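Taken in sequence, the protein lines are chains A and B.
Going by our numbering, the first sequence opens with residue 1, and the numbers climb by one from there.
Going by our numbering, the second sequence opens with residue 1001, and the numbers climb by one from there.
Cβ atoms here follow ideal geometry from the backbone N, Cα and C, with glycine treated the same way.
Because the structure is a prediction, the values reported are computed rather than measured.
This report refers to the structure that appears directly beneath it.
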Amino acid sequence: MKILIIEDEPELAADIGAYLSAQDYLCEYAGTWAQAREKVELYRYECILLDLMLPGGDGLDILDILKAQGQQDGVIIISAKNDYETKIRGLHAGADDYLAKPFHLPELAARIYSVIRRRSFGNQNNIVQNELKVDLSSRVVTVNGSLVSLTRKELDLLLFFISNKNRVIGKSALAEHLSGDIADMFDNHDFVYAHVKNLKKKLTEAGYGNYLKTIYATGYKWEG
Amino acid sequence: MKKLLDQSLRPLVIYTLIILIVSIPAYFLTIDWIWENELDKHHYAIREKLEKRLTSLDLPDNAVSDMISVLNKVQPGFSFTEAVAPSADSSYTLIRFDTFMNDREQFRCLMTDIRVNGTLFRVLIETNMEEIDETILAIAAVTIFFFILLLGGFVYINRKTSLRVWRPFYDSLASLQAFRLEGGKTEALPVSQVAEFADLNKSLTRLMEASLASYKQQKEFTENASHELQTPLAIVKSKLDLLLQSRVLDQSQMQILEDAYQAINRVTRINKNLLLLAKIEQAQFDEQQSISIHGLLNELSPQFTDRFESSDIRFTQQVGEMTLQANPMLLEILLTNLLVNALRYTPAGGEVSVYAGHRKLIFANTGISPLDERNLFRRFAQASPEHAGTGLGLAIVREICERYNWQISYDFDCGHHHFTVSF
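Here it is as structure tokens:
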């Protein structure tokens, strides 16, 4: 799956690329508005990561170009601007999601995963990993065909882990994912434990392949 | 505090009073001098006439002495005695009881000699004059009358003219009092034809413009600095996320990474809050709508449920229906910050409660000792040393309250901190 990273800060673009490339994503880069325009006009991507403040132009104009061409590429805006108006404008202009900098890479990976899933699989949106099956449209999880009843937060966590397959996720990324904007107002993220513990317990009881690993008590990894 | 206009009036009044008081003896001495001079002249004239007329009658000696004894008895103000030898004239003033007037009277007297038919007479001529004390009294009364007249005139004229002269000053003062840095624009000062006031207004306008410019610059600096920090923060965060993927990390290195995450989260939070403060100060978020406190709290509190549970804190709400006219984002930030604040500083096993009603919103949470109220709402001033927050949460709360003219107050009662917002 091809991803275009439109970001003028090369360090950040490289980090995003490094994180994503371990997950069957093929990343391309555009550091200026002109490069971005050329790429989106010539090639198609499953998902475009779009920074708004680019040398040479406004990132929102890239959305207009895509729209004018009738392209269906998924777009996630990644911007340092975190105000409500910009967010609304971006989503109105056709972006699928908006992620304010600074963000955790696992969060970005989860958003990309979700955008691609929504765009490419429509209603037939199942994630299958051996005996584990997640039906995204009905939000039902089964292991070996038997139902695992998960809370909304547990399902959310499960999808977060799956979309960051084989990557170690830190506690603060999990906390931020679970409680959004208010997460960074606290230093204590102990509540994450409780949710992960419950999720793991329910899946283990249903007999899944024990894919969720705890790494030194501070991080987690979904293997697959 | 003294008033400017009274300042100019006071010395004037004191000066006038002194001059008028000094004028009383001066008037008296002058009048007295004129009196005496005039009377003495008059007395000499009488003496001359008397001597001339008596001599021109050309009477025999015994007729003269008869005439004089008649004059002595009949003519008031004269007394004749025969004298042996001539003596010098004397003029003097004398106060004595007068049997005829039946009162103490003041007289001006001339003692002189006249010679009739070769006989020498000593004559005393007296004229009743106004008494010294009555004169002074009359002068004082007139002076006081004029002083009062002057005083009234001064006050009236001072009011009229000074007020007119100083009007531009008072106008400028009123305009300056209305000036607010947060308002972002200078106050228009009245145009004055007087050079000094025109200069003053020009300087004041320049001063206001300079203050506004530096205030704006300072705010822009905060905003720009926060913006510029976002990218390096994003890089550090992503580097940590990548570092976490390394296969060679051991447990202690993982712990270091975790600590680094905590620190970077804190910087992110401070940066976000600074940016938010700058935006509130710049009067962004001006769109308003009517919002139900009840609805908003019900939307917000589920986000906190996890936290309350994991910290073993009991959370209760007693929220009546109450709607406010405000910006939804700002109100949400206000409630969130107060909730976070209550949650963060409540010890495990404590309780947090929210009460809304009677145009009041009260956040109460368990606490040990009162907080330092002076530092509570100031930026980066931690009211309690045990917990490190961003030091901005309550500053933002206060800023939002000030924006809408709400009152935020703190008190400590029965082991609970209370933060009250009155609308």
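Around the beta-carbon of A:Y25, 16 or more other beta-carbon atoms lie within 10 Å, marking it buried. The closest CA to that of B:E1105, considering only B:E1126, B:S1091, B:A1178, is found on B:E1126.
In the structure shown, B:L1244 falls within a coil segment according to DSSP collapsed to helix, strand and coil. Collapsing the DSSP output to three states places B:S1422 in a strand. Think of a sphere of 7 Å around the beta carbon of B:Y1261: the chain A residues whose beta carbon falls inside it are G170, S172, in chain order.
Counting of Cβ neighbours within 10 angstroms places A:G170 among the buried residues, the total reaching 16 or more. Excluding its 5 nearest sequence neighbours in each direction, A:K165 has C-beta neighbours in its own chain below 8 Å: Q23, W222, E223, G224, listed in chain order. Inter-residue distance for B:S1353 and B:S1192 is about 59 Å (C-alpha atoms, whole angstroms). At a cut-off of 7 Å, the C-beta of A:P10 has no neighbouring C-beta in chain B.
B:T1055 and B:V1123 do not touch by the CB rule: their CB atoms are close to 14 Å apart, not below 8 Å. A:V75 and A:C27 have their C-alpha atoms spaced approximately 14 Å apart.
Counting the other CB atoms within 10 Å of its CB gives A:H189 a total of 16 or more, which places it among the buried residues. Shown here, B:G1357 sits in a strand according to DSSP, grouped into three states. Judged by DSSP in its simplified three-state form, B:I1368 adopts coil rather than helix or strand. For A:L212, the number of other beta carbons within 10 angstroms of its own is at least 16, and it is reported as buried. Only buried fits A:G219, as 16 or more other CB atoms lie within 10 angstroms of its CB.
With a threshold of 7 Å between beta carbons, B:K1219 makes no contact with chain A. Residues of chain B with a Cβ closer than 7 Å to the Cβ of A:D190 are, in chain order, S1310. Going by DSSP, A:W222 is part of no alpha helix (DSSP H) but of the beta strand (DSSP E) stretching over 219-222.
The beta carbon of B:N1201 is closer than 7 Å to those of S1172, L1189, S1192 in its chain, skipping five residues each way along the sequence.
In this structure, DSSP gives A:D135 an extended state, which the three-state scheme calls strand. Pairing B:P1086 with B:D1113 gives a Cβ-Cβ distance under 7 Å. Restricting attention to B:V1194, B:N1265, B:Y1345, the CA atom closest to the CA of B:L1371 is found in B:Y1345. By the Cβ rule, the stretch 1201-1214 of chain B counts as touching the stretch 1166-1184 of chain B, because three or more pairs are nearer than 8 Å. With a beta-carbon spacing of about 6 Å, B:L1243 and B:L1257 fall inside the 8 Å limit used to define contacts. A direct Cα-to-Cα measurement between A:L66 and A:A18 gives close to 26 Å. For B:T1030, the uninterrupted alpha helix (DSSP H) run begins and ends at 1004-1057, by DSSP. Against chain A, the CB of B:A1234 has a partner CB under 7 Å away; the residue lies at that interface. Spatial neighbours of B:S1290 in its own chain (CB-CB distance under 8 Å, excluding positions within 5 residues in sequence) are listed in chain order as T1323, L1324, Q1325. DSSP, read as helix, strand or coil, puts A:A22 in coil. If you check the CB distance, B:L1020 and B:F1107 do not come in under 7 Å. Listed along chain B, the residues sitting closer than 9 Å to A:R167 by beta-carbon distance are D1241, L1244, Q1245.
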